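In the working numbering, the protein residues as written are 102 to 884. Worksheet for the structure shown next.
Rendered as structure tokens:
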């Protein structure tokens with residue numbers, strides 16, 4: 102077995118080490134007993150899959166090497182420990198165990214005395230966790246290498262990348278792409294600007310080709326002239342392909358652009374050469390063989406590879422450019438068969454060469470030839486008959502052009518498409534995981550209401566709910582990067598919002614952090630999304646806590662100020678400052694702090710999305726994020742928020758449901774049976790009657806009947822008919838029907854009917870509030 106699968110056992114007292122070693126041996130697991138933390142640290146550096154540590158082995162004075170090893174793990178690594186404790190030890194109330202958990206990181210607690218099967222299960226789970234980390238390491242290495250190759254290929258090929266959103270016609274162009282179209286990298290460059298740069302004579306044809314690709318899904322390949330106001334012009338080539346979303350709907354047209362002026366000039370020179378050759382053949386009547394029809398000076402000066410061959414396909418002319426392309430001097434190849442010179446790799450040319458020497462009329466044909474060497478060389482070759490002065494075919498002529506850069510561009514385009522697919526897959530997986538978390542959270546919430554009030558059971562249920570909620574938060578972050586985050590700004594009193602977070606922050610930060618709230622009175626309201634702002638402040642507080650492992654102080658301060666000029670904001674703004682006394686950041690870390698997925702924590706301790714989400718929220722709201730920090734001097738994070746011109750809305754207290762009132766009849770539609778069952782259970786638990794449908798078609802059949810329906814709750818992403826389409830047709834059948842759209846998507850297609858939305862995953866209280874509001878509005882309309 103690999104050394105990376107070993108289980109290290111540190112239990113210096115009693116028989117625990119011998120018993121654990123015997124149990125693991127019986128389970129056919131590789132194991133090794135160590136006698137101290139020093140030995141454990143040495144073996145961890147050698148390699149292991151998990152470690153079993155007994156409670157009594159802990160000695161802080163000798164744990165330094167293990168602590169250092171844990172702290173210097175690479176980002177993908179979060180080494181698992183199985184920690185043996187006495188049965189009476191309470192992990193939640195025992196500061197000692199909490200401290201051990203912070204030191205060791207990835208810890209599973211196992212109470213003694215333990216059953217052999219329990220120990221084996223814990224160790225096997227830890228080993229599976231470690232194997233997933235090894236797989237994550239391999240995936241990260243492959244992804245980094247692929248991104249590096251793609252970036253180098255784009256730069257080497259002098260290609261500019263672009264993409265167009267099919268719905269909004271929004272154009273994204275890289276800096277290189279802007280330069281190809283005559284713009285500086287700092288200039289704005291939208292779809293209308295791109296069309297405006299095209300030669301007026303070709304503009305309509307180019308726009309028609311682009312629109313046709315977005316409409317039909319066909320590949321795009323355009324060559325056109327770009328014209329500037331000062332009269333200068335050049336040639337560009339635009340290539341692209343459409344990229345469908347998970348429902349096979351065309352969402353994006355993406356591709357590359359390149360400057361092909363040099364190639365077009367070469368083609369024009371080649372055409373001039375062909376015309377010159379015709380003139381030369383007319384003037385030369387005494388040549389006995391075709392190669393004498395060429396002027397030596399003309400052949401050497403042409404910017405293309407030229408090969409002439411006789412009727413036996415033997416080389417008669419091999420110009421200097423051909424010497425550079427193929428790597429063979431003319432003296433070494435003249436008189437030899439062309440196929441032999443190319444080591445048989447030009448076998449595909451045989452038919453075209455035979456057609457040329459037989460005098461076949463028609464335009465020259467093109468084909469491509471791959472010649473491996475220091476790098477793969479792709480050539481485009483055109484063949485034509487070679488005639489003497491009296492018109493007799495004496496051989497053939499081939500014009501050779503290097504198209505390696507174009508082939509590389511096509512490969513780079515495929516790589517760009519792969520990266521886009523990865524982004525779409527991330528968003529799709531996160532959305533599906535949100536659906537599963539909806540079922541988990543909903544069923545846990547219903548279960549908690551029905552189980553006995555036994556603290557041990559409630560603790561397990563609450564722990565499961567907290568884990569599911571953390572998973573929901575992570576998937577929301579992934580969705581935020583796969584799509585634009587859906588914000589709902591409104592006037593908010595910052596003091597009231599932060600005051601309401603005190604209890605949550607005190608629980609989240611723990612007793613080792615002193616929190617000081619310095620909230621300025623009588624501030625104007627901020628224009629923010631309160632839920633997203635609470636999450637942002639909590640993210641900043643948790644980051645500060647992680648920077649103060651030995652404890653410290655955290656200050657949250659609000660004020661109204663003029664932002665510094667470097668932030669690019671004008672007018673007065675509200676500032677929320679989060680100040681800690683932690684370890685701080687150096688300048689290099691500061692520069693990368695807001696990058697998505699960048700984290701200084703080991704794998705499993707952070708996603709690298711928190712600070713980048715806060716930055717994105719501030720910018721999307723029209724504000725800014727400002728960081729200041731020095732190593733050892735703590736960090737100050739300033740969140741600058743716009744001031745609302747409207748007053749804070751009065752809070753509306755939700756009226757409790759009248760249990761004596763007749764129950765409402767609710768139609769629940771979801772194609773996922775597990776999610777539908779969860780939603781139905783929640784609605785029934787609220788006292789309503791529920792009808793179920795598993796597709797839009799089935800729901801319409803119910804709506805066409807005479808059955809009473811007071812409200813409709815529908816999923817958005819369903820095969821055959823989306824929730825929005827179902828809502829539109831439902832309103833045609835039953836005008837005024839209250840409809841609630843349950844979805845995990847941040848964005849819906851443009852032009853969709855406006856509906857109340859319930860974000861997935863949701864809990865019963867969220868569902869109850871939305872449903873009560875819908876039914877109350879219906880009652881008011883009917884009254």
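Heads up, the beta-carbon is just placed ideally off N, CA and C, and yes, glycines get one too. Since we're looking at a predicted model, the values are computed, not measured.
Work out the CA separation of residue j and residue i for me, nearest whole Å.
i: residue 408; j: residue 497; result: 8 angstroms
i: residue 801; j: residue 835; result: 10 angstroms
i: residue 748; j: residue 723; result: 19 angstroms
i: residue 116; j: residue 155; result: 11 angstroms
i: residue 348; j: residue 717; result: 28 angstroms
i: residue 565; j: residue 820; result: 31 angstroms
i: residue 753; j: residue 873; result: In this predicted model, residue 753 has a pLDDT of only 46, less than 50, meaning its place in the structure is not dependable; the value taken from the coordinates is given anyway. Approximately 13 angstroms, taken between the alpha carbons.
i: residue 183; j: residue 111; result: 10 angstroms
i: residue 325; j: residue 316; result: 21 angstroms
i: residue 775; j: residue 793; result: 12 angstroms
i: residue 238; j: residue 244; result: 10 angstroms
i: residue 735; j: residue 647; result: 12 angstroms
i: residue 844; j: residue 818; result: 8 angstroms
i: residue 180; j: residue 171; result: 8 angstroms
i: residue 741; j: residue 670; result: 9 angstroms
i: residue 499; j: residue 431; result: 15 angstroms
i: residue 209; j: residue 224; result: 9 angstroms
i: residue 328; j: residue 356; result: 21 angstroms
i: residue 866; j: residue 789; result: 15 angstroms
i: residue 795; j: residue 773; result: 7 angstroms
i: residue 320; j: residue 306; result: 15 angstroms
i: residue 390; j: residue 421; result: Confidence in residue 390 is poor, its pLDDT being 45 and thus under 50, which makes the residue's placement too unreliable to answer from.
i: residue 311; j: residue 277; result: 20 angstroms
i: residue 186; j: residue 122; result: 17 angstroms
i: residue 678; j: residue 220; result: 47 angstroms
Spell out the partners DSSP gives residue i in its beta bridges.
i: residue 619; result: 658
i: residue 273; result: 264
i: residue 322; result: 340
i: residue 133; result: 109
i: residue 292; result: Answer is none; residue 292 lacks a bridge partner.
i: residue 766; result: 790
i: residue 170; result: Note: residue 170 sits in no beta bridge, so no partner.
i: residue 355; result: 264, 342
i: residue 334; result: 328
i: residue 360; result: 337
i: residue 184; result: 154, 210
Looking only at its chain, what residues have a beta carbon closer than 7 angstroms to the beta carbon of residue i, apart from the 5 residues adjacent to it on each side?
i: residue 635; result: 598, 602
i: residue 241; result: 177
i: residue 656; result: 617, 619, 680
i: residue 457; result: 484, 485, 486, 497
i: residue 876; result: 765, 811, 812, 839
i: residue 434; result: 416, 419, 442
i: residue 629; result: 590, 593, 722, 742
i: residue 166; result: 138, 139, 142
i: residue 104; result: 147, 148
State the CB to CB distance for the pair residue i and residue j, rounded to an integer number of angstroms; the pair is presumed to be in contact (CB under 8 angstroms).
i: residue 649; j: residue 672; result: Residue 649 to residue 672, Cβ: 35 angstroms. No contact.
i: residue 159; j: residue 217; result: With a Cβ gap of about 24 angstroms, residue 159 and residue 217 do not count as contacting.
i: residue 108; j: residue 150; result: 6 angstroms
i: residue 362; j: residue 336; result: 5 angstroms
i: residue 815; j: residue 827; result: 6 angstroms
i: residue 296; j: residue 359; result: Not a contact, Cβ separation roughly 18 angstroms.
i: residue 739; j: residue 676; result: 6 angstroms
i: residue 842; j: residue 858; result: 5 angstroms
For residue i, which residues in the same chain have their Cβ closer than 8 angstroms to its Cβ, ignoring the five residues on either side in sequence?
i: residue 267; result: 315, 343, 351, 352, 353, 354
i: residue 661; result: 621, 624, 625, 673, 674, 675, 676, 744
Near residue i, which residues of its chain fall below 6 angstroms by C-beta distance, leaving aside the five closest residues on each side in sequence?
i: residue 868; result: 783
i: residue 133; result: 107, 109
i: residue 365; result: 336
i: residue 475; result: Low confidence applies here, because residue 475 scores a pLDDT of 42, under 50, leaving its location unreliable and the question unanswered by this model.
i: residue 637; result: 715, 718
Could you confirm whether any beta carbon from chain D is found closer than 8 angstroms to the beta carbon of residue i?
i: residue 121; result: The question asks about chain D, but that chain is absent: this structure has only one protein chain.
Beta strand (DSSP E) runs wholly inside the region 625–694, at least 3 long, in chain order:
627–629, 653–662, 674–681
Jot down the residue ranges of each uninterrupted alpha helix (DSSP H) in the region 795–872, minimum 4 residues, whole runs only, in chain order.
Counting whole runs of 4 or more residues, the region 795–872 contains the alpha helix (DSSP H) stretches 797–805, 824–834.
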